[in-house]
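Asks: Got a structure here, written out as structure tokens. Questions coming.
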Amino acid sequence: MLSLYSHGRSLTISIIALVLLLCSGFSLYSQDNGQISMDDLFNQPASDARSDEQPSADVSPDTDPQRKESVDLNALTTSPLQFTGTVSAGIGIGAGLIEWPGSAAGDGKSFSDLMRYSGFYLTTATLGIDARPEPYLRFYSSLSISLDAENMNFSGSDIGEIFVDYTFKDTVFVRAGKQSLTWGHGRLLGNPANLVYRVSEGVAVRTTLPLGPGTLNGVVYSKGAWVNNPYANIDPRTFAYAGQWESGLGPMAFSLSGHFKMKDDVEEDMGSAFSLSFGIGPFDLAADLVGHWGMANPAWKPVELEALGQIFWENDNRSWSLLSEYMFDSSVADGLGHYASMGLKTPKFLGTGWQPTLLWKHAFQDNSGELITGISGSLAPGLNLAMGIPLVYGTPGSYYREILSSSLLSGDSIIDKEEGVIPVDNVISLLFSVTLSFSF
Amino acid sequence: MNPNKYIPTLVAFTLLMTHFSMSLAFGDEFSLEESRLILSQVDNLVSYEGKDFSGEYTITDIRPGEGTSRTKMTMFRRDSVVSYTIIIMEPQSDKGKGYLRQGDKLWLYDPIPRRFTVISARDRFQNSNARNTDFTKSTLAEDYRIVGHSTGQLGAYKTDIYDLEAITDDVSFPKMKIWIDQDKLVRKFEDYSLSGRHMRTTAIPKYTRLQESYVPVQIVIQDEVRGRELNGKFEHQRTVISVEKASFMDIPDMVFTQAYIERVSR
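Chains as they are written, first to last, in numbering that gives the first Met the number 0: chain A, 0 to 439; chain B, 0 to 265.
Structure follows, in structure tokens:
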């Protein structure tokens, strides 16, 4: 009887607790009838498990099984075979002027003669396979198939990554295979401190382990163009060797990195970089100093020196973002290799989801540059529209008249993405794109 | 005996006692040491020195008129070396992102370019109303001093209310007001800018006791600046954080490394 009574009372308490819990949960998310006051969240007496004297309505310190559960570390590093995918499809159209009418480069041609129309179709499907049979073992592969717009056919495929991870005694992490890797801070003007930018073009073995107060990364890699050119695939000289030690001092993070390849195809056998980043007030600052040496040159005479400075600011609401970079490249004659850039993300337009962005790049060597204004937003779930006006200035043949504008119509902020969709070498263009993108 | 001669003494004594009681009541005379003593009691209950902490967090960001987004993450924290690792599990678009804090430095790992970037610890976490600093141990005693005190009722709780002023620049907000219940647990705090603008309110309606410490398992953060007027009423942006699987189990050292974030990244 007592048992039944106790059981009944427990049931009643449980029901009351459940009702209270549900009410409490709903009230936190309540929006239909306006927000409840923050103070009203405390109207129910002690619902937490904070003391034996005030028993909880929904949990108790000693019997709640939830608190006996803990994060399963193995579940983070093991999982059954998983398939993932991303599909992007889009169309874009553009119209622009090859040269300014009336300018010397325009050669007396009319507005319509100088007008050029362009467009693109884009469809890319990327499939990924992820297998983690043991906490120390992982296999990952991603395969992309893209539309060949010239032949209107899906011909060929590209293996983005295919690698195996092995973790030795929870300390040494090894990744072997085709993989991506990025060092350095540069985003707008290139990334000179990314000494390992060619890792994704071949296969690599990378090791990461703690060393002293920092982390040591070691990479050995090679790519097809280096094999038998001039060394055989078993010759150590076919491979490039890179290392990076990353550590910090107070709020400063820094890294030292080096890269070596005998008879490098870019005619620089050895590269080294020092990177530094830290925050001052609302600003994040970063700097990279990079040197490249050739075996034929004396050690004190680098083939090339590059320096990059970066500043990033975001207001408290994250509605305004500013990223600015300055770069010096000694390979440009007469010390004129100075570049500056700025990316600006403004608040969404009139409270809508439309995001205006601005990107400016300038080469001081010939005073050429590009200014891209754009706006992008969502038309429907997964469906994005972007509109942009890239303006390229400088004389014909100048630095920015020769390279292609990029990062405009990716559907995301120009600060966040570097991949472009429509190549633009007009002096001014008007571009539209609609893209559908989703993951599964 | 002339009683009048005691009047100035009585007046002086009364004034002194009034001043003393006013000081106690309004706390405008707290020394730095007194501040540290009070605030360190508060810190100690939610700091896990000598222990590793882990838990699964669900962060629900409510933007009136815009919708609701949800982020699920796994958190590993080691207060003895001011370090934490956060692995983003959901949404799918952010899955595999990771945060590593070591002392004053905070790295964000982006699995697409496979790059670690140093970011500000004071930034908003995943664009929610939570700050990256909200996931470290409580350091009220190190960062603030008490400049005012009163008492008041906060719902069912009788609380001490302290006005705080930062004594270091390494904080997200230079002024705070905190509500402490009778068990020395922070129940609510308000963050203010230097100019005194009310920026954020945080409520902690629910804690779980774990060994001798307390883990906030339900946190509601309200942005006092951002929001939208709906049906004639201004509704604030809110972030609701709930914590499950809170535990003090030992965590391998490797979890607090960049290599681990790469290893578990999807």
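Yeah, the Cβ is synthetic: ideal placement off N, Cα and C, and Gly gets one too. Treat the numbers as computed from the prediction; the structure is a model and nothing was measured.
Would you mind sorting His-184(A) into buried or exposed? The rule is 16 or more other CB atoms within 10 Å of its CB.
Replies: Per the 10 Å Cβ criterion, buried.
Asks: Are the Cβ atoms of Gln-217(B) and His-235(B) separated by less than 8 Å?
Replies: Going by C-beta atoms, Gln-217(B) is not nearer than 8 Å to His-235(B).
Asks: Rounded to whole angstroms, what's the CA-CA distance from Glu-401(A) to Phe-138(A)? Just pull it up for me.
Replies: Distance between the alpha carbons of Glu-401(A) and Phe-138(A) is about 42 Å.
Asks: Consult DSSP for Asp-61(A) and reduce its assignment to one of helix, strand or coil.
Replies: Caution applies to Asp-61(A), whose pLDDT of 37 falls short of 50 and renders its modelled position unreliable; the model cannot decide the point.
Asks: Going along the chain, which unbroken runs of the beta strand (DSSP E) with 3 or more residues stay wholly within the segment 205–237 of chain B?
Replies: Complete beta strand (DSSP E) runs here, min 3: 212–229.
Asks: Between Ala-332(A), Ser-320(A) and Glu-324(A), which lies nearest to Leu-343(A) when the distance is taken from Cα to Cα?
Replies: Ranking the options by Cα distance to Leu-343(A), first place goes to Ser-320(A).
Asks: Distance cutoff 8 Å, beta carbons only. Does Ser-256(A) sit that close to anything in chain B?
Replies: Output row for Ser-256(A): interface = no.
Asks: Which one or two residues does DSSP pair with Tyr-191(B) in a beta bridge?
Replies: Note: Tyr-191(B) sits in a beta bridge opposite Lys-174(B) and His-197(B).
Asks: So the beta strand (DSSP E) Asn-216(A) belongs to, where does it begin and stop?
Replies: Unbroken beta strand (DSSP E) run through Asn-216(A): 213–221.
Asks: Any beta carbon from chain B within less than 8 Å of Ala-252(A)'s own beta carbon?
Replies: Interface residue, yes.
Asks: What does His-197(B) reach in chain A if we use C-beta pairs closer than 7 Å?
Replies: Going along chain A, no residue has its Cβ under 7 Å from His-197(B), so there is no contact; the nearest lies around 12 Å.
Asks: Could you name the residues that DSSP lists as bridge partners for Ser-140(A)?
Replies: Paired residue(s): Ile-128(A) and Ile-161(A).
Asks: Just checking: is the beta-carbon of Ser-330(A) within a distance shorter than 8 Å of some beta-carbon in chain B?
Replies: No, Ser-330(A) lies away from the interface with chain B (no Cβ there is under 8 Å from its Cβ).
Asks: Check whether the Cβ atoms of Ile-206(B) and Met-198(B) sit closer than 8 Å, and answer yes or no.
Replies: Going by the sequence as given, residue 206(B) is Tyr instead of Ile. Against a cut-off of 8 Å, the Cβ pair of Met-198(B) and Tyr-206(B) comes out as no contact.
Asks: With distances taken between CB atoms, is the gap from Leu-180(A) to Arg-205(A) smaller than 8 Å?
Replies: Cβ atoms of Leu-180(A) and Arg-205(A): closer than 8 Å.
Asks: Tell me, to the nearest whole angstrom, how far the beta carbon of Phe-327(A) is from that of His-337(A); I am working on the premise that it is less than 8 Å.
Replies: Right, their Cβ atoms sit about 6 Å apart.
Asks: If you draw a straight line from the alpha carbon of Arg-76(B) to that of Thr-372(A), how long is it in whole angstroms?
Replies: Spanning the two alpha carbons is a distance of roughly 43 Å.
Asks: Taking buried to mean at least 16 other C-beta atoms within 10 Å of its own C-beta, is Tyr-275(B) buried or exposed?
Replies: Residue 275(B) cannot be examined here, being either before or after the span of chain B that is shown, 0 to 265.
Asks: Is the Cβ-Cβ distance between Ser-78(A) and Arg-131(A) less than 8 Å?
Replies: In contact: Ser-78(A) and Arg-131(A) (Cβ atoms closer than 8 Å).
Asks: Specify, as a first and last residue, the run of the alpha helix (DSSP H) that Glu-141(B) falls within.
Replies: Unbroken alpha helix (DSSP H) run through Glu-141(B): 139–142.
Asks: Could you tell me which residues DSSP puts in a beta bridge with Val-185(B)?
Replies: Answer is Ile-179(B).
Asks: To the nearest angstrom, how far is the alpha carbon of Asp-169(B) from that of Thr-138(B)?
Replies: C-alpha separation (whole angstroms): 11 Å.
Asks: Please confirm whether Ser-266(B) and Gly-278(A) have their CB atoms less than 8 Å apart.
Replies: Because chain B in this structure spans residues 0 to 265, residue 266(B) falls outside the shown range and cannot be described.
Asks: Determine contact between the segment 379–388 of chain A and the segment 421–438 of chain A, defined as no fewer than three beta-carbon pairs at a distance below 8 Å.
Replies: The segment 379–388 of chain A is in contact with the segment 421–438 of chain A.
Asks: Three Cβ pairs or more, each shorter than 8 Å: is that satisfied between the segment 243–255 of chain B and the segment 45–62 of chain B?
Replies: Enough Cβ pairs lie closer than 8 Å, so yes.
Asks: By how many angstroms is the C-alpha of Thr-73(B) removed from the C-alpha of Arg-100(B)?
Replies: So the two alpha carbons sit approximately 14 Å from each other.
Asks: Taking CB distances under 8 Å as the criterion, tell me whether Glu-55(B) reaches chain A.
Replies: So, interface residue.
Asks: Nearest chain A C-beta to Met-175(B) closer than 8 Å, yes or no?
Replies: Chain A contact via Cβ: absent.
Asks: Between the beta-carbon of Phe-253(A) and the beta-carbon of Leu-275(A), is there less than 8 Å?
Replies: Yes, these two residues count as a Cβ contact at 8 Å.
Asks: Determine the direct distance from the alpha carbon of Val-226(A) to that of Leu-255(A), and round the result to whole angstroms.
Replies: Approximately 28 Å, taken between the alpha carbons.
Asks: Of the choices Gly-249(A), Leu-307(A), Gln-354(A) and Ser-340(A), whose alpha-carbon is the least far from that of Gly-376(A)?
Replies: For the residues Gly-249(A), Leu-307(A), Gln-354(A) and Ser-340(A), the minimum Cα distance to Gly-376(A) belongs to Gln-354(A).
Asks: I'd like to know if the segment 228–243 of chain A and the segment 209–218 of chain A are in contact, where contact means that at least 3 CB-CB pairs between them fall below 8 Å.
Replies: Contact holds: three or more Cβ-Cβ distances are below 8 Å.
Asks: Need the endpoints of the beta strand (DSSP E) that Glu-65(B) sits in, please.
Replies: No beta strand (DSSP E) holds Glu-65(B); DSSP gives it neither H nor E.
Asks: When the cut-off is 8 Å and only beta carbons count, does Ala-155(B) lie next to chain A?
Replies: Yes - at least one Cβ of chain A is within 8 Å of the one on Ala-155(B).
Asks: Is the segment 73–87 of chain A close to the segment 114–133 of chain A, with three or more CB pairs under 8 Å?
Replies: Flag = yes, the segment 73–87 of chain A and the segment 114–133 of chain A touch.
Asks: Look at the alpha carbon of Lys-168(A) and the alpha carbon of Gly-154(B), and state the distance between them as a whole number of angstroms.
Replies: Whole-angstrom Cα-Cα distance: 51 Å.
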